[in-house]
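In the working numbering, the protein residues as written are 1200 to 1567.
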Ligand code: SF4
C-alpha cells in the first residue's frame, strides 16, 4: 500500500469543543433515587437542558424515528441518567492499557469519524451516565491485586493495580454534567494502596481536576494525533488546547501521557507527526518531575465498526478499504483490518524514533 493516503485539508480549522449541552436529559426512576443522579439532573437543568423523568427504569422515548441522520442527531443529543447494573459493574481486563476496565458512563457527545465505540456499543449512540457512582467506586476494591495485564508486566508492575475509566466514554467530555471523574480522582487519591486510575481524553476542561488530592495515583493521557487528522474529531478540543491541558495537569503533579491515535499514514505523515511531537514537547517543557508515558494505536476497523461508522458519517473520507489492509483476528475470533506489515513497520520505526528524539522522558507503554 502506498503511504500517500488522500490528503485531508491541512489548512482547515481544527474543531473546537464547546461544553456539551444535551438537547434533552432522560432520567430513570432508579437513577433519581441516587444523590449523584439527582445532582447530574440539577446540573443539566441549570444549563437549560429539558429533563424528562421516566416512569420506570427502561429507557424509552429515544426519538429514533426518521432517517439515519435524524436518528444519529437525536441520539447524540441525548444524555440518559441511569443505574449501572451488577453485570455492568463486573470489571473486565483491558489489555494492553490496564488490569481492569470500569465505567462511569457509556457513550460520548463527540463525533469522531473512527469512533472506537462504533464496534463495541450497540444501539443508538446516546450518552449514559451512571447515578450509582458510589456503588461503582466501592466495587473497585474487590479487584485490587488481582490484575493480570499491567500487574503481570515486569515493566509496568510498579503502577500497581490499574483501572481504566475511558474505554466506553470520554469521561472528561461530560464532567461538567456528571462530576463522576472528579469523584473517582478523589477516591483514588484517598485509596492508600498500590493503585492507578487511568483515563484518556480528547477534551481540555481540566480545571475541576487541578486542585484535587490525586496523590500521584492518577495518570491522565491526552489522545492526540497529527494535526490534519484532527478534522476527523468533531466536537473535541483542538490539539493546542489538549496539550495545554496536559501541561496544566502535569504541573498539578498528575502522571500524564500521550495516546497517539489512531495513527494513519496520511500524505506527509512524517512531517505531520514530527510537528505533533514538537508541540507536545513544547507544552511539557518546563514541567518539573514530569512522569510521562506514550501509547501508540494504529487505525483499524472491523466489519461491524465500518458498517456503523458509514451509517453515522456517510461523507467521511476516512479510509476503510479492506483491499488496502491486512486481516487479523481479535481475541474473540472476529476479524479486524489493520495496516499491512510494511506500512506498520514504517510508521512504527519513525514514530518510535521521534518519541526517543523529541520526548526522551516518555516511557513507551505499547504499540498496537
Ligand atoms: Fe468516540 Fe472517543 Fe471520539 Fe468520543 S472522543 S466520539 S468516544 S473516539
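Note that the Cβ used here is the ideal one computed from N, Cα and C, for glycine as well.
Computed from a predicted structure; not experimentally measured.
Discussion item. Quick check on DSSP: helix, strand or coil for residue 1402?
Written reply: coil
Discussion item. Bridge partners for residue 1566 per DSSP, in chain order?
Written reply: According to DSSP, which records beta bridges pairwise, residue 1566 is partnered with 1495.
Worksheet entry | CA-to-CA distance, residue 1452 to residue 1419, given in whole angstroms | Roughly 11 Å between the two C-alpha positions.
Worksheet item: Taking 7 Å as the cut-off, is the CB of residue 1303 close to at least one heavy atom of ligand 1?
Response: No.
Worksheet item: When DSSP labels each residue in this structure, what does residue 1387 get in the three-state scheme?
Response: Looking at residue 1387 - three-state DSSP - the assignment turns out to be helix.
Discussion item. Rounded to the nearest angstrom, what separates residue 1229 and residue 1252 at their Cα positions?
Written reply: 10 Å
Practice prompt. Quick one: give me the first and last residue of the beta strand (DSSP E) that residue 1299 is part of.
Written response: 1297-1300
Item to complete: Indicate the three-state DSSP secondary structure (helix, strand or coil) for residue 1271 in the structure shown.
Response: helix
Practice prompt. Assign residue 1418 to one of three DSSP states: helix, strand, or coil.
Written response: strand
Worksheet item: Does the beta carbon of residue 1363 fall short of 7 Å from some heavy atom of ligand 1?
Response: no
Practice prompt. Can you grab the Cα-Cα spacing for the pair residue 1245 / residue 1442, in whole Å?
Written response: 30 Å
Practice prompt. Please report how far the alpha carbon of residue 1412 lies from the alpha carbon of residue 1265, in whole angstroms.
Written response: So the two alpha carbons sit approximately 47 Å from each other.
Worksheet entry | Bridge-paired residues (DSSP) for residue 1329 | 1281
Worksheet item: Is it true that the CB of residue 1456 sits closer than 8 Å to the CB of residue 1480?
Response: no
Discussion item. Buried or exposed for residue 1424, going by 16 or more other Cβ atoms inside 10 Å?
Written reply: buried
Practice prompt. Assuming residue 1372 contacts residue 1309 (C-beta within less than 8 Å), just tell me the rounded distance between them.
Written response: Correct: roughly 6 Å between the Cβ atoms.
Item to complete: Go ahead and pull the three-state DSSP assignment for residue 1221.
Response: DSSP places residue 1221 in coil when its eight states are reduced to three.
Worksheet item: Which residues does DSSP pair with residue 1252 in a beta bridge?
Response: 1226
Worksheet item: Hey, would you say the C-beta of residue 1432 is under 7 Å away from at least one heavy atom of ligand 2?
Response: In the structure on display, ligand 2 does not appear, and the ligands it does have are ligand 1.
Worksheet item: Looking only at C-alpha atoms, which of 1514, 1486, 1301 sits nearest to residue 1337?
Response: 1301
Fill in: Inter-stretch contact (C-beta, 8 Å, three-pair minimum) for the stretch 1282-1291 and the stretch 1219-1235
With the cut-off at 8 Å, the stretch 1282-1291 and the stretch 1219-1235 touch.
Discussion item. Let's see if you can read the secondary structure: which residues bound the beta strand (DSSP E) around residue 1363?
Written reply: Residues 1360-1363.
Worksheet item: Quick one: what's residue 1394 bridged to in DSSP?
Response: 1360
Fill in: residue 1423 - partner residues in DSSP beta bridges
1459
Fill in: Local Cβ density within 10 Å of residue 1432, reported as buried at 16 or more and exposed below that
buried
Worksheet item: In whole angstroms, what is the alpha-carbon distance linking residue 1248 and residue 1221?
Response: Each residue's alpha carbon lies about 6 Å from the other.
Discussion item. Shorter than 7 Å, the distance from the beta carbon of residue 1345 to the closest heavy atom of ligand 1, or not?
Written reply: For ligand 1, no non-hydrogen atom lies closer than 7 Å to the CB of residue 1345.
Worksheet entry | Residues bridged to residue 1240 (per DSSP) | Answer is none; residue 1240 lacks a bridge partner.
Worksheet item: Straight-line CA distance for residue 1473 to residue 1250?
Response: 46 Å
Practice prompt. Run the proximity test for residue 1435: is its beta-carbon closer than 7 Å to any non-hydrogen atom belonging to ligand 1?
Written response: yes
Worksheet entry | Secondary structure of residue 1526, DSSP reduced to three states | strand
Item to complete: Take residue 1504 as the anchor and find which of 1298, 1495, 1520, 1546 has the nearest alpha-carbon.
Response: Nearest of 1298, 1495, 1520, 1546 to residue 1504, Cα basis: 1520.
Worksheet item: Which residues does DSSP pair with residue 1454 in a beta bridge?
Response: Secondary-structure assignment with DSSP links residue 1454 through a beta bridge to 1418.
Discussion item. With a threshold of 6 Å on Cβ separation, who are the neighbours of residue 1393 within its own chain once the five nearest residues in sequence on each side are excluded?
Written reply: 1359
Worksheet item: Which term fits residue 1331, buried or exposed, when burial requires 16 or more other beta carbons within 10 angstroms of its beta carbon?
Response: Classification of residue 1331: buried, given that the 10 Å Cβ count is 16 or more.
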